[in-house]
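2 protein chains.
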Amino acid sequence: MDTQPDTALRPDPIDEPARRASERSQALDPKSPVARFSADTPLLTDAGIELAPFQIAYQTAGTLNAARSNAVLICHALTGDQYFAHTHPVTGKPGWWETLVGPGKPIDTDRYFVVCSNVIGSCMGSTGPASIDPATGRPYGLNFPLVTIRDMVRAQLMLLEHLGIHDLFLCIGGSMGGMQVLQWAALYPERVFAAMPIATGPRHSAQNIAFHEVGRQAIMADPAWADGRYLEAGTRPAKGLGVARMGAHITYLSEPALHRKFGRRFQGGSAPTFSFNADFQIESYLRHQGLSFVERFDANAYLYLTRAMDYFDLAEDHGGVLANAFRGTKTRFCVISFTSDWLFPTRDSRAIVHALNAAAAPVAFVEVESDKGHDAFLLDEPAMFSAARGFIDAAARARGL
Amino acid sequence: MDTQPDTALRPDPIDEPARRASERSQALDPKSPVARFSADTPLLTDAGIELAPFQIAYQTAGTLNAARSNAVLICHALTGDQYFAHTHPVTGKPGWWETLVGPGKPIDTDRYFVVCSNVIGSCMGSTGPASIDPATGRPYGLNFPLVTIRDMVRAQLMLLEHLGIHDLFLCIGGSMGGMQVLQWAALYPERVFAAMPIATGPRHSAQNIAFHEVGRQAIMADPAWADGRYLEAGTRPAKGLGVARMGAHITYLSEPALHRKFGRRFQGGSAPTFSFNADFQIESYLRHQGLSFVERFDANAYLYLTRAMDYFDLAEDHGGVLANAFRGTKTRFCVISFTSDWLFPTRDSRAIVHALNAAAAPVAFVEVESDKGHDAFLLDEPAMFSAARGFIDAAARARGL
Numbered sequence: 003m004d005t006q007p008d009t010a011l012r013p014d015p016i017d018e019p020a021r022r023a024s025e026r027s028q029a030l031d032p033k034s035p036v037a038r039f040s041a042d043t044p045l046l047t048d049a050g051i052e053l054a055p056f057q058i059a060y061q062t063a064g065t066l067n068a069a070r071s072n073a074v075l076i077c078h079a080l081t082g083d084q085y086f087a088h089t090h091p092v093t094g095k096p097g098w099w100e101t102l103v104g105p106g107k108p109i110d111t112d113r114y115f116v117v118c119s120n121v122i123g124s125c126m127g128s129t130g131p132a133s134i135d136p137a138t139g140r141p142y143g144l145n146f147p148l149v150t151i152r153d154m155v156r157a158q159l160m161l162l163e164h165l166g167i168h169d170l171f172l173c174i175g176g177s178m179g180g181m182q183v184l185q186w187a188a189l190y191p192e193r194v195f196a197a198m199p200i201a202t203g204p205r206h207s208a209q210n211i212a213f214h215e216v217g218r219q220a221i222m223a224d225p226a227w228a229d230g231r232y233l234e235a236g237t238r239p240a241k242g243l244g245v246a247r248m249g250a251h252i253t254y255l256s257e258p259a260l261h262r263k264f265g266r267r268f269q270g271g272s273a274p275t276f277s278f279n280a281d282f283q284i285e286s287y288l289r290h291q292g293l294s295f296v297e298r299f300d301a302n303a304y305l306y307l308t309r310a311m312d313y314f315d316l317a318e319d320h321g322g323v324l325a326n327a328f329r330g331t332k333t334r335f336c337v338i339s340f341t342s343d344w345l346f347p348t349r350d351s352r353a354i355v356h357a358l359n360a361a362a363a364p365v366a367f368v369e370v371e372s373d374k375g376h377d378a379f380l381l382d383e384p385a386m387f388s389a390a391r392g393f394i395d396a397a398a399r400a401r402g403l
Numbered sequence: 003m004d005t006q007p008d009t010a011l012r013p014d015p016i017d018e019p020a021r022r023a024s025e026r027s028q029a030l031d032p033k034s035p036v037a038r039f040s041a042d043t044p045l046l047t048d049a050g051i052e053l054a055p056f057q058i059a060y061q062t063a064g065t066l067n068a069a070r071s072n073a074v075l076i077c078h079a080l081t082g083d084q085y086f087a088h089t090h091p092v093t094g095k096p097g098w099w100e101t102l103v104g105p106g107k108p109i110d111t112d113r114y115f116v117v118c119s120n121v122i123g124s125c126m127g128s129t130g131p132a133s134i135d136p137a138t139g140r141p142y143g144l145n146f147p148l149v150t151i152r153d154m155v156r157a158q159l160m161l162l163e164h165l166g167i168h169d170l171f172l173c174i175g176g177s178m179g180g181m182q183v184l185q186w187a188a189l190y191p192e193r194v195f196a197a198m199p200i201a202t203g204p205r206h207s208a209q210n211i212a213f214h215e216v217g218r219q220a221i222m223a224d225p226a227w228a229d230g231r232y233l234e235a236g237t238r239p240a241k242g243l244g245v246a247r248m249g250a251h252i253t254y255l256s257e258p259a260l261h262r263k264f265g266r267r268f269q270g271g272s273a274p275t276f277s278f279n280a281d282f283q284i285e286s287y288l289r290h291q292g293l294s295f296v297e298r299f300d301a302n303a304y305l306y307l308t309r310a311m312d313y314f315d316l317a318e319d320h321g322g323v324l325a326n327a328f329r330g331t332k333t334r335f336c337v338i339s340f341t342s343d344w345l346f347p348t349r350d351s352r353a354i355v356h357a358l359n360a361a362a363a364p365v366a367f368v369e370v371e372s373d374k375g376h377d378a379f380l381l382d383e384p385a386m387f388s389a390a391r392g393f394i395d396a397a398a399r400a401r402g403l
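For the protein sequence lines, the chains are A and B, in the order given.
For the first sequence, the tail end lands on 403 under the working numbering, and the numbers increase by one without skipping.
For the second sequence, the tail end lands on 403 under the working numbering, and the numbers increase by one without skipping.
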């Protein structure tokens with residue numbers, strides 16, 4: 003295992019379509035350090051498959067202290083990645099959580115060593131369906147094993163051990179990242195000093211599964227998807243993935259935010275064109291969201307990660323009783339929800355809090371008043387920042403940091 | 003104008019693709035009476051196009067009284083049709099509003115003459131994008147003019163005059179049907195004695211436009227859509243239309259209803275299959291909704307009718323003041339909303355009620371407690387039935403029926 007790019011481990015492409023596919027697969031590779039795990043250290047997935055070899059791409063900020071007690075793990079959301087505080091190599095945009103993380107910020111990189119890794123199954127350098135299957139020399143496609151939130155956490159643990167980190171001062175994340183936080187606290191309570199699940203829930207709701215299924219069907223309906231073999235076919239299921247993103251994007255916002263931002267305003271005029279052009283600003287905005295997403299994300303990875311979220315049901319893994327997931331824990335929790343989040347509404351966070359109460363775990367709960375919907379956790383939300391700062395500072399004092 | 007099927011008016015198909023297209027176009031034609039309007043009586047649309055000739059398919063129940071004072075117009079929703087109390091010719095299902103309409107029902111066919119016509123732009127016998135353009139002998143496709151809610155109402159008025167009906171005892175409908183009810187009351191107040199807009203709003207919200215746009219993009223992304231020329235191409239954009247329907251269907255329900263009906267239950271077992279099969283019952287249900295919809299609906303008609311809803315903004319048509327749409331009206335209103343309807347939430351109905359109050363119009367407002375979401379207006383909702391019965395009976399007494 004090393005952290006330098008190393009293409010020598012990849013098998014030689016066996017033919018021209020495979021070479022093209024490999025190039026396309028590489029194209030999404032980030033400029034991140036990578037931890038490689040060989041056939042001797044497979045990832046045993048919930049599906050019962052041993053994934054090996056595999057690699058995890060990550061980014062860090064700050065410095066690990068001598069006691070190795072100041073590590074923070076940030077868990078990213080469905081379409082997020084490890085570029086939490088670093089310019090994104092594809093979009094050129096600032097890190098997605100620079101509002102929260104940095105010198106003097108609530109997650110203070112002058113005090114903490116912050117790690118964020120691309121989840122297993124994604125497409126920004128960690129092994130996923132766009133990676134080359136060593137058994138065939140071609141991209142995995144749908145031969146990649148289904149992964150779960152628990153598999154993501156297991157892979158993160160392997161990365162941390164690779165980095166010489168035994169336990170976390172703080173584990174934090176929103177949405178799918180929050181699911182990972184809960185899974186970390188349930189699976190490795192002794193390794194998590196403080197946990198902050200944001201805008202998330204203990205399981206994916208029927209409605210959320212339904213929205214994900216529509217997105218997956220949109221991708222699979224695109225002939226360019228080619229049964230998942232588009233990298234070899236030299237095609238791009240951009241239309242299907244774009245439609246999936248457009249639909250999902252609506253669920254990340256809120257009706258009041260859409261109304262405030264776009265209302266019924268027309269593009270470049272005050273009258274309808276009586277056509278199917280993007281007459282309304284909201285249409286133009288959504289189309290742009292779809293188009294820009296397909297530039298940075300792999301369609302199969304989208305299938306896999308939505309599936310991982312759908313399967314997440316922490317209570318089900320603990321005899322149907324969510325509190326059982328946290329019995330005896332010493333982890334301290336801060337749970338955050340947003341009033342206008344209808345994808346993971348406050349009642350989901352309350353279910354987490356009630357379970358933590360039942361398990362006698364220390365927990366703070368903040369419902370942030372916001373009209374920005376689910377994506378509020380990624381935005382400038384002063385009430386979230388001050389809750390995070392208060393909780394993290396208190397935890398740091400308790401940890402002697 | 004006559005009410006018997008008459009294919010002689012259609013131009014001869016000019017070639018083989020046109021003939022095939024014409025057959026497919028006919029295939030969706032219902033077994034309904036049809037009112038035909040010739041080149042002398044065009045429909046002047048909001049887009050500024052004179053549509054002629056055109057036809058309106060309709061169904062009736064009950065008997066028009068001698069005074070012609072007992073006519074009820076039912077306005078159907080986006081994917082509805084004229085089969086409100088008649089077995090559907092494609093699906094074989096009972097009429098979509100048989101719960102509300104029939105002998106002894108709130109809309110009592112022993113007392114009232116009930117009419118429901120397929121809206122202009124749809125695909126169940128009224129002229130729409132799947133109809134043959136007399137100028138070319140081929141289906142209109144996207145050469146069909148964009149129609150608005152107001153155009154639908156104008157065409158309904160022409161139908162009613164054709165049937166010898168000058169004014170309506172009652173105009174009633176849900177969702178897009180409710181938009182037509184509001185438009186009727188605004189456009190022809192002296193012709194509407196009582197109006198019942200249900201689960202609707204005075205304009206389409208940014209979020210609703212967004213959902214529609216995703217559906218349209220899903221259809222247009224399907225190569226089988228063939229730029230709208232699929233009837234001639236002999237293809238069917240079934241996948242795109244299916245995805246559009248799946249996404250829309252989620253918005254017609256509610257999270258509590260989905261949770262109660264499906265929860266996270268697995269198909270035929272208690273464990274995930276770790277695949278992209280329809281593992282969850284909700285996935286299987288949605289796929290079925292998509293598949294069955296494409297059997298009975300035309301993809302281009304879906305584009306046109308969603309667009310008509312998006313354009314609807316009654317206040318905008320009246321100087322930005324909704325109350326201006328109803329000034330001086332003598333129509334009596336009953337507005338109904340459902341607590342779990344998030345597509346047309348109660349606040350939309352309240353906006354209608356406030357405007358009617360400002361216009362000094364007589365209005366009753368009932369918010370029905372229901373967890374069934376937007377589609378509650380189509381379902382067995384006793385509180386809606388009793389509100390409708392009370393309002394309609396009182397109106398009948400006032401009308402001397």
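All C-beta atoms, glycine included, are put in the ideal place defined by N, C-alpha and C.
Taking a Cβ-Cβ cut-off of 8 angstroms, the neighbours of Ile211 (chain B) in chain A comprise Arg266, Phe282, Ile284 and Glu285, given in sequence order.
Contact of Trp344 (chain A) with chain B is assigned, a C-beta pair being separated by under 9 angstroms.
Note that the stretch 243 to 256 of chain A touches the stretch 210 to 217 of chain B; at least 3 beta-carbon pairs, one per stretch, sit closer than 8 angstroms. Restricted to the stretch 275 to 335 of chain B, the alpha helix (DSSP H) segments that are unbroken, complete and at least 4 residues in length are 283 to 298 and 301 to 313, listed in chain order. Nearest CB-CB separation between His261 (chain A) and chain B: below the 9 angstroms threshold. Within chain A, the residues whose beta carbon sits less than 8 angstroms from that of Asp224 (chain B) are Ala223, listed in sequence order.
As computed with DSSP, Leu172 (chain B) is found in a beta bridge with B:Val74 and B:Ala196.
Going by C-alpha positions, Leu159 (chain A) is about 21 angstroms away from Ala397 (chain A).
Among the residues of chain A, none has a CB under 9 angstroms from the CB of Pro35 (chain B); the nearest is roughly 30 angstroms distant. With the criterion set as a beta carbon lying under 8 angstroms from some beta carbon of chain B, the members of the stretch 311 to 322 of chain A are Asp312, Tyr313, Asp315 and Glu318, in sequence order.
Unbroken beta strand (DSSP E) runs of no fewer than 3 residues, entirely contained in the stretch 25 to 69 of chain A, are found at 36 to 39 and 56 to 63, following chain order. When the Cα atoms are used, Glu297 (chain B) and Asp48 (chain B) turn out to be separated by approximately 31 angstroms. The C-beta separation of Asn302 (chain A) from Pro136 (chain A) comes to about 17 angstroms, leaving the pair out of contact by the 8 angstroms criterion. Secondary structure note for Val149 (chain B): it is in no beta strand (DSSP E), with a DSSP letter that is neither H nor E.
Counting only Cβ-Cβ distances below 8 angstroms, Ala201 (chain A) has no contacts in chain B at all, with the closest Cβ about 16 angstroms away. Residue contact with chain A for Gln182 (chain B): absent (no Cβ-Cβ distance below 9 angstroms to any residue of chain A).
Excluding five sequence positions before and after Ile51 (chain B), the CB atoms of its chain that fall closer than 6 angstroms to its own CB belong to Pro147, given in chain order. Within chain A, the residues placing a beta-carbon under 7 angstroms from that of Ala220 (chain B) are Ala220 and Val245, ordered along the chain.
Interface flag for Gly143 (chain A) against chain B is unset, since no Cβ pair is found closer than 9 angstroms. With fewer than 16 other CB atoms across the displayed protein chains lying within 10 angstroms of its CB, Ala68 (chain B) is exposed. In the structure shown, the three-state DSSP call for Arg140 (chain A) is strand. Only exposed fits Lys33 (chain B), as fewer than 16 other CB atoms lie within 10 angstroms of its CB. Three or more beta-carbon pairs drawn from the stretch 198 to 215 of chain A and the stretch 282 to 291 of chain B are found closer than 8 angstroms, and the two stretches are therefore classed as touching. By the beta-carbon neighbour count (other beta carbons within 10 angstroms, threshold 16), Pro141 (chain A) is buried. For Arg205 (chain A), the closest C-alpha among the options A:Pro96, A:Pro105, A:Ala157 and A:Pro347 is that of A:Pro347.
Restricting attention to alpha helix (DSSP H) runs no shorter than 4 residues, the stretch 348 to 384 of chain A encloses them at 348 to 360, ordered along the chain. With contacts defined as CB atoms closer than 9 angstroms, Phe335 (chain B) and Met198 (chain B) qualify as a contacting pair. In the structure shown, Val337 (chain A) falls within a strand segment according to DSSP collapsed to helix, strand and coil. Counted as a single uninterrupted DSSP element, the beta strand (DSSP E) harbouring Val116 (chain B) occupies residues Phe115 to Ser119.
As the crow flies, the alpha-carbon of Tyr114 (chain A) is around 33 angstroms from that of Trp344 (chain A). Between Phe379 (chain A) and Met181 (chain A) the beta-carbon gap is near 13 angstroms, outside 8 angstroms, which marks them as no contact. Cα atoms of Thr308 (chain B) and Leu80 (chain B): separation of roughly 7 angstroms, rounded to the nearest angstrom. Under the three-state reduction of DSSP, Arg266 (chain B) is assigned to coil, being neither helix nor strand.
A check of alpha carbon separations from Pro44 (chain B) across B:Asp110, B:Asp153, B:Gly330 and B:Ile134 identifies B:Asp153 as the nearest. Pro258 (chain B) is a Cβ neighbour of Ser342 (chain B), given a cutoff of 9 angstroms.
Inter-residue distance for Arg156 (chain B) and Trp98 (chain B) is about 24 angstroms (C-alpha atoms, whole angstroms).
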